[in-house]
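*Asks:*
Numbering (the UniProt record's numbering), first residue to last: 1 to 231.
#1: Does the Cβ of residue 231 have 16 or more other Cβ atoms within 10 Å, making it buried, or fewer, making it exposed?
#2: Whose C-alpha, out of 188, 15, 157 and 78, is nearest the C-alpha of residue 4?
#3: Looking at the unbroken beta strand (DSSP E) that takes in residue 79, where does it start and where does it end?
#4: Residue 66 to residue 33, Cα distance in whole Å?
#5: According to DSSP, is residue 203 part of a helix, a strand, or is it coil?
#6: Do residue 109 and residue 226 come within 7 angstroms of each other at the CB atom, strictly closer than that value?
#7: Along the chain, where does the alpha helix (DSSP H) that runs through residue 127 open and close?
#8: So, using beta-carbon positions, are residue 76 and residue 120 closer together than 7 angstroms?
#9: With a cut-off of 8 angstroms on the beta carbons, I'd call residue 168 and residue 116 a contact; round off their distance for me.
#10: For residue 224 and residue 21, I'd like the C-alpha separation in whole angstroms.
#11: Can you give me the Cβ contacts of residue 218 inside the same chain, cut-off strictly under 8 angstroms, excluding the 5 residues immediately before and after it?
#12: Within the same chain, show all residues whose beta-carbon is closer than 7 angstroms to that of residue 191, passing over the 5 residues directly before and after it, in chain order.
#13: Please list, in chain order, all residues of the same chain as residue 55 whose beta carbon is under 6 angstroms from its beta carbon, the five residues on each side excluded.
#14: In whole angstroms, what is the alpha-carbon distance linking residue 244 and residue 122?
#15: To the nearest angstrom, how far is the alpha carbon of residue 288 from that of residue 104?
Here it is, written out as C-alpha cells:
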C-alpha cells in the first residue's frame, strides 16, 4: 500500500483472520540506513505476529542515499500517520531493528501516536555511533555529516538525546551482538528510566539477527512483551 508517490514509499499490511480491530505492530527495517536493505528483512516477523492475532504494517521508506536524511525521517512519520486513517485497526506499537530502532524511537519522540516503541538491537546513540565509526561511518553517511559538524541534526535524531520520549519503551538487545550496540542499549535504558520514561530492558542471549528471527528465545520473549503491552 502506497503512502507517497515514490516507489520506496509503501507498506505491507497483514491482518489476522477473524480478529476485530486487532492491535497493529509497525515494523521498520534496519541496514544502517543503506538502500541495499529493504522491508523484506522483516517478513518472518510479519507471519509470526499475525499468528499471535496482531496486525502488521511493514514499512518501507526512502533511504538517505540518495534521498537525504530528512526524506527518511519524514517517510517514517507519514507512514505511521497513515495508520490513523484505518478505523479497522487498534492500538499501535512501532518496532525497529538496528538502524530501524533509531527511526522508531525518533518517531515516538516526534509525537507519533503509538502505545509502545520497541528497539530491536537499535542504534540508540548516534553521536557515539559516529565517534566510534559504527558500520564504517554509517551514521555520518546517513545524516550527511559528522556529529561535530552538525550537532543539531544529531540532537534531533539520536534517541538518547530526545529523552524523555513520553511513551512506554521496550529495549531489546542480544548479548552476542556488537559490543557497541550492547553498550548503547544499556546506557539508553538507564537514561530513559532516569528521565521518567516507562522502559523495559530485555537483554538475552542472541546475536544481531536473532532479535528478528521468530524461533529464537529472544524474539519469543519480545513478541510476548509486545502482545501484552497492546492487550
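Glycine is no exception: its CB is placed at the ideal position from the N, C-alpha and C atoms.
*Replies:* Taking the coordinates as given:
#1: On the chain shown, position 231 is the one that residue 231 refers to. The residue in question, residue 231, is exposed, as its Cβ has fewer than 16 Cβ neighbours within 10 Å.
#2: Along the chain shown, read from residue 1 onward, the residue named residue 4 stands at position 4. Comparing Cα-Cα distances from residue 4 to each of 188, 15, 157 and 78, the minimum goes to 78.
#3: For the purposes of this step, residue 79 is taken as residue 79 along the chain shown, with counting starting at 1. Run containing residue 79: none in the beta strand (DSSP E); it sits in the alpha helix (DSSP H), 69-81.
#4: Translated into the one-based positions of the chain shown, residue 66 becomes position 66. Translated into the one-based positions of the chain shown, residue 33 becomes position 33. Roughly 11 angstroms between the two C-alpha positions.
#5: Position 203 of the chain shown holds residue 203. Correct three-state label for residue 203: strand.
#6: Stepping through the chain shown from its first residue, residue 226 is reached at position 226. Stepping through the chain shown from its first residue, residue 109 is reached at position 109. Contact flag unset, no.
#7: By one-based count along the chain shown, residue 127 stands at place 127. Residue 127 -> alpha helix (DSSP H) spans 126-131.
#8: Counted from its first residue, the chain shown places residue 76 at position 76. Counted from its first residue, the chain shown places residue 120 at position 120. Their beta carbons are not under 7 angstroms apart, which means residue 76 does not touch residue 120 by this criterion.
#9: Here residue 168 refers to the residue found at position 168 when the chain shown is read from its first residue. Here residue 116 refers to the residue found at position 116 when the chain shown is read from its first residue. Confirmed, about 5 angstroms.
#10: Position 224 of the chain shown, counted from the first residue, corresponds to residue 224. Position 21 of the chain shown, counted from the first residue, corresponds to residue 21. Their backbone Cα atoms lie some 19 angstroms apart in a straight line.
#11: Taking the chain shown and counting its residues from 1, the one referred to as residue 218 is at position 218. For residue 218, where only same-chain residues beyond five positions count, the Cβ hits under 8 angstroms are 172, 174, 202, 204, 205, 206, 210 and 211.
#12: Mapped onto the chain shown, residue 191 falls at position 191. So the list reads 160 and 163, once near-sequence residues are dropped.
#13: Translated into positions along the chain shown, residue 55 becomes position 55. Contacts found: 15, 22, 24 and 89.
#14: Given a span of 1 to 231 for the chain in the structure shown, any question on residue 244 remains unanswerable.
#15: In the structure as shown, the chain begins at 1 and stops at 231. Residue 288 is therefore absent and cannot be evaluated.
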